[in-house]
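Colleague: Numbering (our numbering), first residue to last: 5 to 745.
Where a beta carbon is used, it is the ideal one built from N, C-alpha and C, also for glycine.
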Amino acid sequence: MASQKPEDVTVSDGMLANLEREFNEAMRALEGHVKFVCFREEYEKLHRALLNSHESEKRLVRRCQQLTQELMSNAAKMQAAVKLAQDDHTTIEALKKETEKAWRMVDVANEKDARAKETIKKLREEVFSLQEIVENGTELTPTQTATLEELKLEKKRMQSEYDELVKQMETLTRETFELGHKMKEAEEEMMKHQEELRRVTDREKTVRQEYEKELRARDRSNLQLREQLLLVQQREKELKSHEQLHSKLSSAVNLLRLQLQEDQNRRQALAQKIESAERQLYHTQQSYDDAVDTREALNERHREVRKEITEAEKKAVDITAEKQRTHRVRDNDYKELCRLVQQNEDIRRDQTNLERQRLNVEKRIEMARREKEDLCRAFEMMQREKDSLKKVSEKEREKMQIIEKLIANEVESQAEIEDAIAREREIGTRLRQTVARLESEREKYVHEVSQVSLHHTQAQEELKIASITCEETQKAIDDSEQKLKKQQSRYEQVRSERNLYSKKLIESQDEVVELKQKFRMMDHQILQLKEELAMKEKKFQEESSAQKTSKDKLTKVRKVVNERTAALDEANQRCENVGQKIKQLVKIISRCDKELSEHQQRFLAVSGERDLLGTQLIRRNDELALLYDKVRMQQELLTHGEAACRARVEDMRLLRLKIEDLKRKASIAQKRAFHTECLKDEINQLQYELQAQRAKVQALTEEAENPKNTLRWENISGRDPTPEEIEKKNCSVAASPHHQV
């Protein structure tokens with residue numbers, strides 16, 4: 005999807021370049037036409053609309069591709085975020101299990117403390133009993149000696165067990181250190197994953213916002229495309245109206261050809277009359293003076309008629325402006341459907357006004373016809389003039405040629421208009437194809453979203469499997485930690501018992517020695533017992549301090565467990581919020597789909613109303629076009645009369661200009677004839693000076709080429725002419741008779 009190019013969907017740039025080139029050629033061909041400006045404005049509007057639609061379509065395709073890429077990247081990020089969330093769930097569950105195990109270990113430690121206190125009490129009682137025995141001076145019983153030997157054997161056995169336990173303790177401490185390091189790394193990774201989750205959620209929010217913006221932009225572009233399609237339909241209707249006008253123009257051309265045939269018949273009749281007029285020239289000279297007077301009166305009347313014709317042309321221009329205004333109103337009607345009723349009423353009022361104006365124009369046309377009949381009568385009076393009749397015949401021939409050229413130009417313009425209509429229809433079909441392609445792409449995107457949701461479910465299943473494996477590994481770690489703690493407790497018990505047994509052995513050995521020496525060293529033994537009691541008190545204090553430190557550690561562990569449980573609750577809340585957001589987004593998407601369907605239904609209803617109004621407007625425009633054709637025919641009849649009068653005035657003006665040109669040429673030729681001899685003398689003198697200068701230059705070059713000539717190394721004096729001298733020289737040259745001519 006993302007690899008497709010926008011040129012595959014849109015109209016190619018080569019087609020647009022061809023359209024522009026053909027447009028320029030058409031404009032050059034139609035420069036001399038009467039209605040060139042209106043046609044050019046309408047065609048330029050169509051061309052601009054096509055370019056705008058082409059550019060907007062390119063932007064829309066590019067933006068759709070960007071959105072697809074962003075959606076794919078966001079889907080991947082969402083999958084990663086879901087995986088991270090599931091990993092967090094597994095870590096939280098593992099931490100809960102660890103906290104439970106820690107509490108169990110705390111309970112076990114408390115039990116061990118109680119047992120240690122009981123053993124300490126028992127040992128103190130035994131110490132007191134031994135002290136009493138020593139003070140009384142009694143000898144050891146055989147049972148006591150047997151217990152001493154058993155204690156020695158147990159001492160050896162406990163020493164060996166102690167060594168083994170020390171080795172196990174070292175190995176377990178190493179393993180605990182490694183496990184603690186791994187736990188720290190796991191906590192750091194968990195923090196990183198949480199930060200990444202936050203970033204992904206923020207990025208998801210921004211992408212959602214951008215996606216909503218792009219959806220809005222896409223809706224706007226779709227609306228613009230629909231408006232462009234509506235404009236294309238309007239242009240097609242206008243082109244149909246232009247075709248009808250062309251058909252009407254062709255009928256008018258046929259009428260003009262019939263009129264030309266009638267004029268040719270009239271010319272033949274006039275030629276016959278000219279032959280009879282040549283015979284009556286002698287008699288017409290006497291009536292020429294009277295004809296001149298009548299001609300002046302007719303010229304005044306002709307001026308008045310011209311003024312009225314200019315007024316009629318202005319009114320015709322006003323009518324065309326009103327027609328353009330009605331076209332603009334029609335375009336605005338498609339955009340503002342609520343005001344159509346009011347605008348229809350305005351159009352009806354305008355039609356009533358136009359009918360009134362049409363009646364006024366018909367009255368004026370009747371007046372013009374009457375005046376035309378008067379002019380025809382005057383024209384019959386002027387037929388007696390031979391020269392004027394010849395000029396009229398020549399001018400009419402020229403008019404015929406001009407009319408034939410106009411007919412050919414109109415035929416060419418009609419062919420070009422038909423080509424433009426075909427091109428516009430092709431463009432409309434291409435735009436419809438692009439709309440269909442965009443809809444198919446939208447369906448593909450929906451299918452891709454469903455595929456992404458399937459991948460999401462598969463990823464959740466994989467996360468569940470990973471969480472189960474993590475729980476199993478965590479259980480193994482917890483078991484190893486429990487074993488390590490048990491071994492530590494055993495080691496501590498053995499150490500305490502060893503210390504006690506070692507003390508008892510020392511005391512028993514001292515007592516045996518003292519008894520064998522007959523209590524010679526009783527005082528010394530008493531001091532030793534006191535020192536041993538002090539040592540025991542110190543050890544007891546050390547053990548109590550160690551117990552306090554262990555309690556502090558337990559409080560810290562409880563705090564850590566509470567913090568982790570709070571973090572677990574927060575993560576659960578976040579997951580719930582994410583699920584609620586996803587549900588809200590699904591609801592929003594469903595609402596948007598419903599609104600889209602409602603908008604489509606409204607669009608269909610509005611398009612039906614628009615088509616009805618368009619048909620009504622087309623009928624009214626056809627009626628107006630018929631009225632305008634009638635007015636145009638009447639104006640053309642008026643223009644023919646004006647053209648005949650203007651042709652005569654232009655012939656007089658051209659003859660006067662020719663006379664003035666001939667006079668000017670004659671004066672120039674006379675002036676040149678006076679200055680020819682002076683110019684010949686000046687030319688001979690300049691040729692003589694030129695030959696002398698050439699001879700000097702040749703002599704100087706020969707001297708310069710001779711290496712033995714000393715003048716080559718002499719300094720040549722001289723200076724450049726000043727600007728004032730140059731201006732004087734130019735003035736003198738300009739004042740010469742050669743330049744004057």
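Given 8 Å as the limit, is there contact between the segment 216-225 and the segment 55-70, that is, 3 or more CB pairs closer than that?
Modeller: Yes, since at least three Cβ pairs between the segment 216-225 and the segment 55-70 fall closer than 8 Å, the two stretches touch.
Colleague: What residues in its chain sit with their C-beta under 8 Å from that of Glu536, if we drop five residues either side in the sequence?
Modeller: Once the five neighbours on either side are set aside, the close Cβ partners of Glu536 are Lys507, Ile510 and Glu511.
Colleague: Buried or exposed: where does Met194 fall if 16 or more other Cβ atoms within 10 Å of its Cβ makes it buried?
Modeller: Met194 is buried by the Cβ-count criterion.
Colleague: Can you give the beta carbon distance from Thr94 to Glu475, rounded, assuming they're within the 8 Å contact cut?
Modeller: Contact flag correct, Cβ pair sits at about 7 Å.
Colleague: Could you tell me whether the segment 197-211 touches the segment 39-58, where touching means 3 or more Cβ pairs closer than 8 Å?
Modeller: Verdict: no, contact absent.
Colleague: So the alpha helix (DSSP H) Glu35 belongs to, where does it begin and stop?
Modeller: Here Glu35 belongs to no alpha helix (DSSP H), and DSSP marks it neither H nor E.
Colleague: For Lys468, which residues of its own chain have a beta-carbon under 6 Å away from its beta-carbon, when the five flanking residues on both sides are left out?
Modeller: Excluding positions up to five away in sequence, the list is empty.
Colleague: Looking at C-alpha atoms only, which residue of Ala273, Ser77, Leu458 and Arg381 is the closest neighbour of Val211?
Modeller: For the residues Ala273, Ser77, Leu458 and Arg381, the minimum Cα distance to Val211 belongs to Ser77.
Colleague: With burial defined as no fewer than 16 other Cβ atoms inside 10 Å of the residue's Cβ, what is the status of Ala98: buried or exposed?
Modeller: Buried is the call here.
Colleague: Report the rounded CA-to-CA distance for Val582 versus Ala21, giving the unit in angstroms.
Modeller: Using only the alpha carbons, I get a separation of about 52 Å.
Colleague: When the distance is taken between beta carbons, is Leu235 closer than 7 Å to Ala53?
Modeller: Taking 7 Å as the Cβ cut-off, Ala53 and Leu235 qualify as a contacting pair.
Colleague: DSSP on Thr726, reduced to helix/strand/coil?
Modeller: Three-state result, Thr726: coil.
Colleague: If distances are taken between C-alpha atoms only, which option among Leu621, Leu23, Lys542 and Asp483 comes closest to His51?
Modeller: Here the closest residue by C-alpha is Leu23.
Colleague: Is the beta carbon of Lys252 less than 7 Å from the beta carbon of Asp633?
Modeller: Yes. Within cutoff.
Colleague: Drop a sphere of 10 angstroms on the beta-carbon of Cys42, count the other beta-carbons inside from all chains shown, and report buried for 16 or more, exposed for fewer.
Modeller: Exposed, since its Cβ has fewer than 16 Cβ neighbours within 10 Å.
Colleague: With a 10 Å radius around its C-beta and 16 neighbouring C-beta atoms as the bar for buried, classify Lys638 as buried or exposed.
Modeller: It is Gln, not Lys, that sits at residue 638 in the sequence shown. Flag for Gln638 reads buried.
Colleague: When we look at the beta-carbon of Val321 and count the other beta-carbons within 10 Å, is it buried (16 or more) or exposed?
Modeller: Counting Cβ neighbours within 10 Å, Val321 comes out exposed, since fewer than 16 surround it.
Colleague: State the Cα-Cα distance for the pair Ile663 and Gln695, rounded to the nearest angstrom.
Modeller: Distance between the alpha carbons of Ile663 and Gln695: 47 Å.
Colleague: Measure the alpha-carbon distance for Leu259 versus Leu227 and round it to whole angstroms.
Modeller: The alpha-carbon atoms of Leu259 and Leu227 are separated by roughly 48 Å.
Colleague: Apply the 10 Å Cβ neighbour rule to Leu690 and answer buried if 16 or more other Cβ atoms are within range, or exposed otherwise.
Modeller: With fewer than 16 other Cβ atoms within 10 Å, it is exposed.
Colleague: Which residues in the same chain as Arg108 place their Cβ atom closer than 6 Å to its Cβ, once the five residues preceding and following it in sequence are excluded?
Modeller: So no residue of the chain qualifies.
Colleague: How would you call Cys68, buried or exposed, if buried means at least 16 neighbouring beta carbons within 10 angstroms?
Modeller: Cys68 is buried by the Cβ-count criterion.
Colleague: Quick one, which of Lys667, Arg353, Val590 and Lys540 has its alpha-carbon nearest Arg624's?
Modeller: Closest option to Arg624, Cα to Cα, is Arg353.
Colleague: Compare the Cα-Cα distances from Ile593 to each of Arg207, Ser133 and Tyr215 and report the closest residue.
Modeller: Checking every option, the nearest Cα to that of Ile593 belongs to Tyr215.
Colleague: Nearest-angstrom Cα distance between Asn503 and Lys540?
Modeller: Approximately 10 Å between the Cα atoms of the pair.
Colleague: Between the Cα of Ala648 and those of Asn688, Gln237, Gln551 and Glu398, spot the shortest distance and give me the residue it belongs to.
Modeller: When each option's Cα is compared against that of Ala648, the closest is Glu398.
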